[in-house]
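One structure is given below, encoded as structure tokens.
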Amino acid sequence: MSSVRIVEVGPRDGLQNEAAPVPLAAKIALIEGLAEAGLKTIEAGSFVSPKWVPQMADSADVLAGLKPLPGVSLPVLVPNQKGLDAALAAGAKEIAIFLAASESFSQRNINCSIEESFQRTAPVIEAALARGVKVRGYLSCVLGCPYEGDISPVTVIELAEKLAGQGCYEISFGDTIGVGTAHRAKALMKSAVGALGADRVAVHFHDTYGQALANVLACLELGIGVVDSSVAGLGGCPYAKGASGNLATEDLVYMLNGLGVETGVSLDKLAAAGRAVCRQLGKAPTSKVAQALAAKLSGADTDR
1031 MSSVRIVEVG PRDGLQNEAA PVPLAAKIAL IEGLAEAGLK TIEAGSFVSP KWVPQMADSA
1091 DVLAGLKPLP GVSLPVLVPN QKGLDAALAA GAKEIAIFLA ASESFSQRNI NCSIEESFQR
1151 TAPVIEAALA RGVKVRGYLS CVLGCPYEGD ISPVTVIELA EKLAGQGCYE ISFGDTIGVG
1211 TAHRAKALMK SAVGALGADR VAVHFHDTYG QALANVLACL ELGIGVVDSS VAGLGGCPYA
1271 KGASGNLATE DLVYMLNGLG VETGVSLDKL AAAGRAVCRQ LGKAPTSKVA QALAAKLSGA
1331 DTDR
């Protein structure tokens, strides 16, 4: 694998799982800073009801407030037709839809069965495509569910094929609770590549048990070239109190740099964007690389 496209999910998936709210100006500055760092796909927000996700209530204002970012895609999450209408009104050019590979997770998180969730997403995808809007699919709990435990790989692949058949150009396979290990992740993604082709497969690993980078490395060997991650490791794991959540983009970029894999991302600018938003949150980045770079900067300041 000579290059990897990183899908930066911090401004959406990350911030919506942080307890502290982030001001509109800081969200805009974060996205613009990530673009300045070289990221080309940045999740900009979510058009889910603010009753359920209050952290994303200003997503339309975020899109309106951004300066032009040529060559940067800004997908937003939409749950239904109402969300799509709001996203289109805000000028969204790409959306993401969300389904679960676990029946229990689907019932508890979106209050419907897996089959019903497909019935909801089908018209949304169709309407988006009719407007020239790209659609990305998220499939969660692919390696385990907080309620059911292990999930059948056969079920995961069948659901992914169905999403692709509905019109999603890419399926992001999410290990929502971070229980996957390299062997299991690679086995599942080998089946996914066989079913969909490597160019339609992305991976989204949580670092709850410290396995995210190992899982990514195993999947790169299959020719998968799209990886989701979150600057500064934003977004905790809601099913494991105190545990790490999203894979930190800084850690991912550092590993890829060491492998000679091209990302087009400046690690220093990326880390700076992460430090800035973490100051807003009153916390330190969970990224090991960000912490090391910050210590190095602090040491340089002391030396002077």
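Here our numbering = 1-based position in the sequence shown + 1030.
Cβ atoms here follow ideal geometry from the backbone N, Cα and C, with glycine treated the same way.
Assigned secondary structure, residue i (DSSP; H/G/I helix, E/B strand, else coil)
i, result
"Asp1258", "strand"
"Asn1141", "coil"
"Gly1329", "helix"
"Ala1160", "helix"
"Leu1096", "coil"
"Ser1136", "helix"
"Met1193", "Just to set this straight, residue 1193 is Leu in the shown sequence, not Met. Looking at Leu1193 - three-state DSSP - the assignment turns out to be helix."
"Gly1167", "strand"
"Leu1107", "strand"
Reference residue i; option with closest CA among the options
i, options, result
"Asp1205", "Ala1262, Phe1135 and Ala1225", "Phe1135"
"Ser1260", "Ala1324, Ala1322, Val1233 and Ala1194", "Val1233"
"Glu1048", "Asp1237, Glu1073 and Pro1084", "Pro1084"
"Gly1265", "Val1037, Ile1036, Ser1032 and Pro1041", "Pro1041"
"Leu1277", "Gly1253, Lys1299, Ser1103 and Ala1244", "Ala1244"
"Gly1044", "Met1086, Lys1164 and Gly1063", "Met1086"
"Gly1179", "Val1231, Asp1088 and Ala1131", "Ala1131"
"Val1039", "Lys1070, Phe1148 and Gln1196", "Lys1070"
"Thr1316", "Ser1032, Leu1252, Leu1282 and Ser1170", "Leu1282"
"Gly1263", "Leu1169, Leu1252 and Gly1275", "Gly1275"
"Gly1113", "Ser1033, Pro1098 and Val1078", "Val1078"
"Gln1241", "Arg1214, Asn1287 and Leu1252", "Arg1214"
"Lys1220", "Gln1196, Gly1208, Glu1251 and Phe1128", "Glu1251"
"Tyr1284", "Arg1166, Cys1267, Arg1309 and Leu1247", "Leu1247"
"Cys1171", "Ala1152, Ala1322 and Gly1210", "Gly1210"
"Pro1105", "Glu1292, Gly1121, Ile1207 and Thr1293", "Gly1121"
"Gly1075", "Arg1138, Asp1115 and Ala1126", "Ala1126"
"Pro1100", "Gly1068, Leu1159 and Ile1144", "Gly1068"
Status (buried if at least 16 other CB within 10 Å, exposed otherwise) for residue i
i, result
"Val1301", "In the sequence on display, residue 1301 carries Ala and not Val. With 16 or more Cβ atoms within 10 Å of its Cβ, Ala1301 is classed as buried."
"Ala1119", "exposed"
"Arg1161", "exposed"
"Val1092", "buried"
"Val1186", "buried"
"Cys1142", "exposed"
"Ser1089", "buried"
"Gln1149", "exposed"
"His1236", "buried"
"Val1256", "buried"
"Leu1289", "exposed"
"Gly1174", "buried"
"Arg1334", "Note that Arg1334 has pLDDT 47, beneath the 50 cutoff, so the model's placement of it is unreliable and the number below is only indicative. Exposed, by the Cβ-count rule."
"Tyr1168", "buried"
"Val1184", "exposed"
"Thr1332", "Note that Thr1332 scores 47 on pLDDT, short of 50, meaning its location in the model is unreliable; the coordinates nonetheless yield the value given after this. Answer is exposed; the Cβ neighbour count stays below 16."
"Glu1292", "exposed"
N- and C-terminal bounds of the beta strand (DSSP E) containing residue i
i, result
"Phe1077", "Taken as a continuous stretch (DSSP letters only), Phe1077 belongs to no beta strand (DSSP E), as it is neither H nor E."
"Tyr1177", "Element bounds for Tyr1177: n/a, residue is neither H nor E."
"Val1037", "Arg1035 to Glu1038"
"Ala1130", "Glu1124 to Ala1130"
Cβ of residue i within 9 Å of any chain C Cβ
i, result
"Val1039", "You won't find chain C in this structure, because it holds only one protein chain."
Residue i - containing alpha helix (DSSP H), residue span
i, result
"Glu1066", "Leu1054 to Glu1066"
"Gly1101", "Segment: none, Gly1101 is in no alpha helix (DSSP H) and carries neither H nor E."
"Lys1112", "Gln1111 to Ala1119"
Cβ-heavy atom distance, residue i to the ligand ADP, below 8 Å
i, result
"Ala1074", "Although the ligand ADP was asked about, the structure shown includes no ligands whatsoever."
Segments assigned alpha helix (DSSP H), at least 4 residues, entirely inside the region 1195-1261 = 1212-1226 and 1242-1250
Let me know the beta strand (DSSP E) ranges lying completely inside the region 1278-1333, each 3 residues or longer, listed in chain order.
-> none
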